[in-house]
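The numbering used here applies: residue 3 is where the sequence shown begins, and numbers increase by one.
A quick write-up on the structure given underneath.
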Amino acid sequence: PFWRYVSKFNPLLYFINGVRFGILGHSDVPMPLAIGVSLLSLLIIYVIAWRSLKKASYTRW
């Protein structure tokens, strides 16, 4: 039971369930939740990448 709750915090669970729903028409989690978590995690990754590229100096050694 412990790992069932821990796995709910993994964004890959929601990505994989979205693909599973697209192929099989069945998902373990509700699709609005899967879409919301997927979009939120993509937004967080985008902001982190944008900030790191903004701070980079782009110089060679």
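Glycine included, C-beta positions come from ideal geometry on N, C-alpha and C.
Fair warning: this is a prediction, and the values are worked out from it, not measured in the lab.
Coil, strand or helix - residue 29 by DSSP: The answer is coil: DSSP assigns residue 29 none of H, G, I, E or B.
Three-state secondary structure assigned by DSSP to residue 60: Note: residue 60 maps to coil in three-state DSSP.
Beta-carbon separation (whole angstroms), residue 8 vs residue 19, contact threshold 8 angstroms: The beta-carbon distance between residue 8 and residue 19, rounded to whole angstroms, is 16 angstroms. This is too long to meet the 8 angstroms contact definition.
Residue 4 - containing alpha helix (DSSP H), residue span: If you look at residue 4, you'll find it in the alpha helix (DSSP H) that goes 4-9.
Beta-carbon proximity list for residue 17, same chain, < 7 angstroms, skipping 5 on both sides: Correct list, in chain order: 40.
C-alpha distance - residue 33 paired with residue 62, whole-angstrom precision: Residue 33 and residue 62 have their alpha carbons spaced roughly 46 angstroms apart.
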